[in-house]
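Heads up: the structure comes next, in C-alpha cells.
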Amino acid sequence: MVLLGFFLRITTFILALTLTQIVDGFQSRMLMNNGLALTPQMGWNSWNHFQCNINETLIKQTADAMVSSGLSAIGYKYINIDDCWGELKRDSQGNFVAKASTFPSGIKALSDYVHSKGLKLGIYSDAGTFTCSQTMPGSLGHEEQDAKTFASWGIDYLKYDNCANTGTSPKERYPKMSKALINSGRSIFFSLCEWGQEDPATWAGDIGNSWRTTGDIQDNWKSMTMIADQNDRWASYAKPGSWNDPDMLEVGNGGMTKEEYRSHFSIWALAKAPLLIGCDLRSMDKVTFELLSNKEVIAVNQDKLGIQGKKIKKDGDLEVWAGPLSKKRVAVILWNRGSLAANITARWVEIGLESSAIVNARDLWAHSTHSRVKTQLSALVEPHACKMFTLTRRKA
C-alpha cells in the first residue's frame, strides 16, 4: 500500500506538471494567436519627432491628421504614445496616473477619441523600475496591475522598453508582461523594445508580436543604413504574427534627402518592418506624404505570405535586396549606397527565379511596367537612391 501510494503521488505530480506545461504553452501560443500582426503593424509613434514634448491635444490632432490625410485608409491605424505620458508616482492603489499637466482628460478619454476616428491607441511602459526618460515608473513588478489598467483604458498596443531593468535578463522580464496582457481580457499588441541586446529574434516570437533588433534609429543616413544591416541578420525569424523591428520611420523629419528617405521606406517595407511614422503628421509636406502613401510599396510590406526580404548580393556600395511574395512573385530593390550613380543588376538565379522565367517588372516608385523581362533586371541608380520592383511571372 505504501508503494502504491508513492506511485499515485508520483503519477499525480507528473500529471500536474504536464498540465502546467500544457497551460503555459497554451498561454504562450495565445499571444501568438491573438489575431494581431498577421502583417506588420502600421501607424504613428510620438518619440522620433516629439520625444517628451507630448500632450493630449497633439495626440488628438495627430489622429485627425491620420484620417484627413487619407493615411488611415491605406493601413496606418495605430496612434502610439511613447514615453513621458504619466506622473512620476503611482496613486495610492499603485496604479499608473496620466500626467495632469499634459493629459488632463486621462488616457481612457483619449482612447475613446482615437477609437471614434476608426484608429487604435498605443501606449508605452518599461520592463524596469522607471521608463527611459526617468519621468515615470516602469512596470517591473506591476505587470498584472498595469496590463489590467491598459485594458480598462481601451489600449490596443503596448511598446515595452528596457531601461532601469535591475540587470535582470529580458528573458525573465518580458514574458511576465506577455502573460499579463493575455490575462487582461483585451487583445493588446505587444511590442518588445529590448534593443536587440540578447538576440530577441531567437526567443521573443513566443511572447510578442514584434521585437526591436537594434538600438534607436537616428535621422541620418549612417544610422539608417547601419540599422538596416543589423536587422537583416534576423530575417529568417520573421513570420505572420511576429516581426523583426528595426525601429520607427524617420521619413519627414528632415535629416535625410528625399532619395535617402525613399531608400529608408523601401528597405523597411521589403524587410517586413513595422511602418510606424515618426514625423509630425500635422505639417508633413507633399514629398513626405507621397513617400509614406505609396500603396504599391506598402503592399509589399503587407503581403500575406509574410516572408522578410533580405540582402542577397553586395558589390562594394551596390546592393540587391529581394524576397518572395504571394502568387509566386518576387520583390526586388536595387540600392546604391555609394556616392556615384551606377548600374545595378539582379540576376534571376540570385533572387529565386528560374533562369528561364519571363517576367513583368513593375517599378513601384515610377508606377510603370517593363514587360517580358528575361534573365536579369538592371537599372541605373543614383547615389543613396534605390529602385524597387515586383516581378510577376508570365507565360512565354
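Under mature numbering (1 follows the signal peptide of the UniProt record, and there is no 0), the letters of the sequence shown match residues -25 to -1, 1 to 371, in that order. Just so you know, even glycine gets a beta-carbon here, dropped at the ideal spot from N, CA and C.
From residue i to residue j, what distance separates their C-alpha atoms?
{"i": "T106", "j": "E329", "result": "51 Å"}
{"i": "G183", "j": "K270", "result": "27 Å"}
{"i": "L352", "j": "I282", "result": "21 Å"}
{"i": "W310", "j": "V262", "result": "20 Å"}
{"i": "K285", "j": "A316", "result": "22 Å"}
{"i": "Y212", "j": "L167", "result": "15 Å"}
{"i": "K154", "j": "G160", "result": "11 Å"}
{"i": "A321", "j": "T188", "result": "27 Å"}
{"i": "D260", "j": "Q68", "result": "46 Å"}
{"i": "V72", "j": "P79", "result": "10 Å"}
{"i": "T344", "j": "R337", "result": "4 Å"}
{"i": "E294", "j": "I333", "result": "23 Å"}
{"i": "I287", "j": "N30", "result": "44 Å"}
{"i": "E147", "j": "K362", "result": "43 Å"}
{"i": "L94", "j": "A12", "result": "15 Å"}
{"i": "K279", "j": "A75", "result": "42 Å"}
{"i": "D101", "j": "I252", "result": "21 Å"}
{"i": "F1", "j": "N228", "result": "Annotation note: pLDDT 42 at F1 (below 50); position unreliable, coordinate value reported separately. The straight-line gap from Cα to Cα measures roughly 42 Å."}
{"i": "residue 440", "j": "G50", "result": "Outside the displayed range of the chain (-25 to 371) lies residue 440, so it cannot be described from this structure."}
{"i": "N158", "j": "E119", "result": "8 Å"}
{"i": "G190", "j": "N318", "result": "32 Å"}
{"i": "L85", "j": "F125", "result": "12 Å"}
{"i": "S238", "j": "N70", "result": "43 Å"}
{"i": "D292", "j": "S314", "result": "9 Å"}
{"i": "M201", "j": "E235", "result": "13 Å"}
{"i": "A48", "j": "D39", "result": "12 Å"}
{"i": "S91", "j": "Y132", "result": "17 Å"}
{"i": "V89", "j": "S108", "result": "25 Å"}
{"i": "W60", "j": "T77", "result": "8 Å"}
{"i": "V307", "j": "W296", "result": "6 Å"}
{"i": "L224", "j": "Q193", "result": "10 Å"}
{"i": "residue 406", "j": "P215", "result": "Outside the modelled stretch of the chain, which goes from -25 to 371, sits residue 406, for which no answer is possible."}
{"i": "W196", "j": "V356", "result": "17 Å"}
{"i": "K303", "j": "I326", "result": "12 Å"}
Please determine, among the options, the residue with the shortest C-alpha to C-alpha distance to residue i.
{"i": "N276", "options": "S314, L339, A317 and V262", "result": "L339"}
{"i": "D136", "options": "T124, I130 and Y149", "result": "Y149"}
{"i": "P15", "options": "D121, K303, S100 and N219", "result": "N219"}
{"i": "K349", "options": "V324, H359, K362 and S114", "result": "V324"}
{"i": "P249", "options": "G230, N206, M259 and N228", "result": "N206"}
{"i": "L46", "options": "A306, N20, G10 and L256", "result": "L256"}
{"i": "S43", "options": "S258, T320, K288 and D292", "result": "S258"}
{"i": "D174", "options": "A210, A336, M41 and G50", "result": "A210"}
{"i": "S331", "options": "R369, F164, A341 and G230", "result": "R369"}
{"i": "T367", "options": "V295, D39 and P299", "result": "P299"}
{"i": "P127", "options": "D87, I56, G190 and S314", "result": "The sequence given here places Ser at residue 127; Pro does not occur at that position. Comparing Cα-Cα distances from S127 to each of D87, I56, G190 and S314, the minimum goes to D87."}
{"i": "T141", "options": "K214, G103, H359 and Y132", "result": "G103"}
{"i": "W19", "options": "D222, L355, G291 and R237", "result": "D222"}
{"i": "E265", "options": "K92, H342, H90 and N55", "result": "H342"}
{"i": "K289", "options": "K303, R312 and K83", "result": "R312"}
{"i": "D66", "options": "D191, P112, D204 and T143", "result": "P112"}
{"i": "M231", "options": "L63, S198, S91 and H117", "result": "S198"}
{"i": "A274", "options": "I326, R347, Y236 and T365", "result": "T365"}
{"i": "Q36", "options": "V356, G50 and N55", "result": "N55"}
{"i": "M41", "options": "F125, R347 and C254", "result": "C254"}
{"i": "I98", "options": "D39, H239, I242 and D57", "result": "D57"}
{"i": "N23", "options": "Y236, V226 and F240", "result": "V226"}
{"i": "M17", "options": "P358, S268, N335 and V356", "result": "S268"}
{"i": "residue 427", "options": "L96, S301, R304 and A179", "result": "Outside the shown range of the chain, which is -25 to 371, sits residue 427, and nothing can be said about it."}
{"i": "I82", "options": "L115, G116, L63 and I34", "result": "I34"}
{"i": "K247", "options": "K302, W186 and D121", "result": "W186"}
{"i": "S162", "options": "A203, I130 and R208", "result": "I130"}
{"i": "D181", "options": "K134, A203 and K151", "result": "K151"}
{"i": "R208", "options": "K64, S217, T143 and G171", "result": "G171"}
Three-state secondary structure (DSSP) at residue i?
{"i": "H90", "result": "helix"}
{"i": "P358", "result": "coil"}
{"i": "S301", "result": "helix"}
{"i": "P215", "result": "coil"}
{"i": "M201", "result": "helix"}
{"i": "I252", "result": "strand"}
{"i": "G180", "result": "helix"}
{"i": "V275", "result": "helix"}
{"i": "W243", "result": "helix"}
{"i": "A306", "result": "strand"}
{"i": "V226", "result": "coil"}
{"i": "K270", "result": "helix"}
{"i": "M17", "result": "strand"}
{"i": "P175", "result": "helix"}
{"i": "D292", "result": "coil"}
{"i": "L156", "result": "helix"}
{"i": "E232", "result": "Residue identity check: residue 232 is Thr in the sequence provided, not Glu. Correct three-state label for T232: coil."}
{"i": "P145", "result": "helix"}
Would you list, in sequence order, the uninterrupted beta strand (DSSP E) runs of no fewer than 3 residues that lie entirely inside the region 22 to 110? The qualifying runs are 53 to 55 and 95 to 101.
Beta strand (DSSP E) runs contained entirely in the region 314 to 364, provided each spans 3 or more residues: Counting only runs of 3 or more, we get 317 to 322, 333 to 338, 343 to 349 and 351 to 356.
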